[in-house]
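Heads up: the sequence lines are chains A and B, in that order.
Numbering of the first sequence is given in my numbering, commencing with residue 1 and proceeding in unit increments.
Numbering of the second sequence is given in my numbering, commencing with residue 1 and proceeding in unit increments.
Every residue, glycine too, gets a C-beta built ideally from N, C-alpha and C.
Protein chains: 2
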Amino acid sequence: MLNFTFYNPTKIVFGKGQLVELDNLVPSNCKVLIIYGGGSVKKTGVLDMVKTQLGTSNREVFEFGGILPNPQFDILMDAVRLVRQQNIDFILAIGGGSVMDGTKFIAITAKNEEFMGREEEVLNFGFAGVPAEKSIPFGTVATLPATGSEMNSGAVISRGDDKLVVMSELNFPQFSILDPELTFTLPPKQVANGVVDTFVHTTEQYVTYPVEARFQDRTAEGILNTLIEIGTKTVEEPENYDVRANLVWCATMALNGLIGAGVPQDWNTHMIGHEITALSGIDHGRTLAIIQPAVWKVRRRQKADKLIQYAERVWGITTGSIDEKIDGAIEETEKFFHSLNVPTRLSDYGLDASFIDKVIANLEKHEMTALSEHGDVTLDISRKILEVAL
Amino acid sequence: MLNFTFYNPTKIVFGKGQLVELDNLVPSNCKVLIIYGGGSVKKTGVLDMVKTQLGTSNREVFEFGGILPNPQFDILMDAVRLVRQQNIDFILAIGGGSVMDGTKFIAITAKNEEFMGREEEVLNFGFAGVPAEKSIPFGTVATLPATGSEMNSGAVISRGDDKLVVMSELNFPQFSILDPELTFTLPPKQVANGVVDTFVHTTEQYVTYPVEARFQDRTAEGILNTLIEIGTKTVEEPENYDVRANLVWCATMALNGLIGAGVPQDWNTHMIGHEITALSGIDHGRTLAIIQPAVWKVRRRQKADKLIQYAERVWGITTGSIDEKIDGAIEETEKFFHSLNVPTRLSDYGLDASFIDKVIANLEKHEMTALSEHGDVTLDISRKILEVAL
């Protein structure tokens, strides 16, 4: 097992009807800004329910809507200005990963006056962590199980074609309310994307190389097995509470630091996927379904030990040669994504070889030239992965 | 899945050589009290290593040793007086569950002047949580993997024959350093006890009844499978880092709230076990090895679904009748405890039927008259469990 630090102070309030806890969780006698996305929270009535809860104690409530998928810097800066002008004390994000990630950027940027006028710099620290010591405290009401943002310290922000990472311990929400019933109205496509996103968050931390981290491996396998069991069911039966609750909790657990503590991590698939989304608009989760199998095909030797473990323990492929096990595991994974109506090839989206050059150029621009758990995936290898994914 | 709240703000610093992080983790320019147990930390040199680290920055360091297993109220009160007299700012516990649990009691009791002169009351809130809003901040250096106290909000304190529970969110350590190498010098018996303790912490939250909590079930099974793989090995090869690291991390994960979130919990075995320890002095972990199999024998109908799942997934018993699977799982569990040289009968300790009356009297005194995940284990059923355990 590798040395590690694990720290995650977010309070999770999980289950049916937990919105009633909002009045206890949000400070009273203060100014609260509610941040949300494209307006579905109005249609579903969640926004009204939240405002009713916040209205129980003395709070001045502001609203900022319109944080769309792949949250854009310029829009987030509008919210930053609102927070500064109104001296907001607490932010409540209602939505999925984009709203939560956008809120994290807003909370840090608004509070640190030394960033004023040069807020774009905040984006440039990437995985090194933003050098900030304060932020506006915030909580979340999660309505889309996928990114894990409700219980982690990362955020991904867009600026034009660029997707950039904002890391900070200040990014941990004070609390997150996870009521699976609030996700019942999601379109099937978004639920399927969430299943794939959770699956690949897990494999990025699991299909690497063995380091005798048995708890972490088995927990990762538990998430993968659960997703395989419930994946199509939760897409087809959106109001089946039990299966949706398992998706919601797995999505949180897949990216809160737990299964990644003390093990190597890959993230090759995510880094290539981010560029594909920025250039083509293909949903984040769907880019992962294209790239993850291709990474395994190209990197089957480097990942052989864990691919075999994955084949045996997750897919039950216990006979055959090493290559047969690996091939079987990749094939089963693709079949699983297909069962969710998620394609696994660039060509399924009408993209051809000319697109690959653009992705490679962006990877180079963002210095993504030494990816994977070994740091040895060069631009040439990324190109090969993309070619296999055509 | 049941509704739940999950909150755990303890920072874990895990791995070889992590004591060097102490200077960053403990506040500087303040008074620090080191609390430890019977003196093994002096023999092993850990106390000196800690003092060297603390001496790096400006700190006045005090020591309080002698917190023995089943930490006694009177001794803990001596430490409370020292903390009050010296105006200690931070406490550092070095040891296993008893030292950490004792420190939790000391940290709350010393800080809350309203308890002064009536400190025994802190013990009387039990599972309801001590109504305190402040405590002396503390961290731990864990030297014995077993109780999970390094990352949870509970403590068990002894007062004569009574074992009592102190619960509070203030009981979370600010940090815990878990260096598996610091546990290499433990006697084999204590390591074996730790394996059993971790195992039964897990089964108390797992072998109950199904509630469609797939992540929690699989994580619990992951801990159990890991303990079965590494149990005898880590007893026999104390300096094998990899297996010991897995024991240390499983011990923490088994009782930090993770596998118990959203599922029913039993704790019947622990409540009976506590009384046995208080009356006979048998080590805590060893009482669990006596009682857990007996609970399953007596409660096989109420726990049938999960006992079958346990048989199939943990022990690989996939054929046979329901009763054969349950019998097989109980038998394998007992064999596992025996492989660690941990007996599974009261008579192995020279105790006979006359002892049972004393345990039942204590259970009655402590109002343990409605135990288990169903709250339906009466004193009569506890007596039956003890008779089966003879």
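Option in the options with minimal Cα separation from residue i
i              : options                        : result
K50 (chain B)  : B:L82, B:V80, B:I94, B:I88     : First, the residue type needs correcting, since residue 50 (chain B) is Val and not Lys in the sequence shown. It is B:I94.
S176 (chain A) : A:H374, A:V41, A:N8            : A:N8
G273 (chain B) : B:H284, B:N256, B:Q265         : B:H284
K306 (chain A) : A:V13, A:I228, A:R218          : A:R218
G154 (chain A) : A:T252, A:K111, A:V388         : A:T252
K163 (chain A) : A:V20, A:A278, A:E332          : A:A278
E312 (chain B) : B:D380, B:Q302, B:E324         : B:E324
L390 (chain A) : A:S135, A:G39, A:Q292          : A:Q292
N341 (chain B) : B:T103, B:N24, B:A192, B:S40   : B:A192
I88 (chain A)  : A:S98, A:I106, A:I75           : A:I106
R286 (chain B) : B:T198, B:S354, B:L22          : B:T198
P69 (chain B)  : B:G37, B:S149, B:A353, B:G117  : B:G37
N112 (chain B) : B:G375, B:G65, B:L170, B:D242  : B:L170
T242 (chain A) : B:I290, B:V263, B:E237, B:T232 : Inspection of the sequence shows that residue 242 (chain A) is occupied by Asp rather than by Thr. It is B:V263 whose Cα lies nearest to the Cα of D242 (chain A).
K16 (chain B)  : A:E387, A:N3, A:F184           : A:N3
L386 (chain B) : B:E367, B:D352, B:H374         : B:D352
E332 (chain A) : A:A220, A:W315, A:M368         : A:W315
Y310 (chain B) : B:T319, B:A329, B:P27          : B:A329
V75 (chain A)  : A:N256, A:V99, A:R59           : Checking the sequence, you will find Ile at residue 75 (chain A) rather than Val. When only C-alpha atoms are compared, the closest one is A:V99.
A396 (chain B) : B:F73, B:F64, B:N240, B:P343   : With chain B running from 1 to 390 in the structure shown, residue 396 (chain B) is simply not present.
E63 (chain B)  : B:P71, B:G117, B:D78           : B:D78
A254 (chain B) : B:V196, B:H374, B:A132, B:L363 : B:V196
N256 (chain A) : A:P173, A:W296, A:I282         : A:P173
S149 (chain A) : A:L288, A:L33, A:V165, A:E334  : A:V165
R299 (chain B) : B:E239, B:V377, B:T185         : B:V377
P27 (chain A)  : A:L47, A:V13, A:E60, A:T147    : A:E60
E334 (chain B) : B:K297, B:I356, B:K303, B:R301 : B:K297
V207 (chain A) : A:F138, A:R84, A:G260          : A:G260
Q85 (chain B)  : B:K189, B:T319, B:K31, B:V388  : B:K31
K393 (chain B) : B:L47, B:D48, B:D161, B:V83    : Outside the shown range of chain B (1 to 390) lies residue 393 (chain B), about which nothing can therefore be said.
R159 (chain B) : B:V13, B:P71, B:F125, B:S280   : B:P71
G281 (chain A) : A:A220, A:N58, A:Y349          : A:Y349
Assigned exposure category for residue i - 16 Cβ within 10 Å defines buried
i              : result
F127 (chain B) : exposed
K43 (chain A)  : exposed
P187 (chain A) : exposed
S372 (chain A) : buried
D101 (chain B) : buried
S321 (chain B) : exposed
K11 (chain B)  : buried
R244 (chain B) : buried
Q53 (chain A)  : buried
K365 (chain A) : exposed
G45 (chain B)  : exposed
K104 (chain A) : buried
E275 (chain A) : buried
S347 (chain A) : exposed
S168 (chain B) : buried
G375 (chain B) : exposed
G96 (chain B)  : buried
M116 (chain A) : exposed
Counterpart residues of residue i in DSSP-defined beta bridges
i              : result
S158 (chain A) : A:Q72, A:K163
K31 (chain A)  : A:E60
A142 (chain B) : B:G95, B:L178
N12 (chain A)  : Per the sequence shown, residue 12 (chain A) should be read as Ile rather than Asn. A:S176, B:F6, per the DSSP bridge assignment.
V377 (chain A) : A:L371
S90 (chain A)  : Looking at the sequence shown, residue 90 (chain A) is not Ser but Phe. F90 (chain A) pairs with A:V32.
G126 (chain A) : A:V166
Open item on the list: Check whether the stretch 137-154 of chain B and the stretch 239-258 of chain B are in contact - that is, three or more C-beta pairs closer than 8 Å.
Closed with: Output reads yes: the stretch 239-258 of chain B touches the stretch 137-154 of chain B.
TODO: Please confirm if the stretch 196-210 of chain B is in contact with the stretch 257-272 of chain B, defined as three or more CB-CB distances below 8 Å between the two stretches.
DONE: A contact between stretches requires three or more CB pairs, one per stretch, nearer than 8 Å, and the stretch 196-210 of chain B meets this requirement with the stretch 257-272 of chain B.
TODO: Counting only runs of 4+ residues fully inside the stretch 254-286 of chain A, write out the alpha helix (DSSP H) ranges in chain order.
DONE: Taken in chain order, the whole alpha helix (DSSP H) runs of length 4 or more contained in the stretch 254-286 of chain A are 268-280.
TODO: Within the stretch 293-375 of chain B, note down every full alpha helix (DSSP H) run reaching 4 residues or more, in order along the chain.
DONE: Counting only runs of 4 or more, we get 304-315, 322-339, 353-365.
Task: the stretch 216-236 of chain B contacting the stretch 166-181 of chain A, beta-carbon criterion three pairs below 8 Å - done: Contact fails: fewer than three Cβ-Cβ distances are below 8 Å.
Task: Touch test, the stretch 115-133 of chain B against the stretch 222-240 of chain B, Cβ-Cβ under 8 Å, three pairs minimum - done: These segments do not touch.
Task: Three CB pairs or more closer than 8 Å across the stretch 372-386 of chain A and the stretch 13-21 of chain B - done: No, the stretch 372-386 of chain A does not touch the stretch 13-21 of chain B.
- [ ] Could you name each continuous alpha helix (DSSP H) segment of 4 residues or more that falls completely within the stretch 179-241 of chain B, going from the start of the chain to the end?
- [x] 188-204, 214-236, all fully within the stretch 179-241 of chain B.
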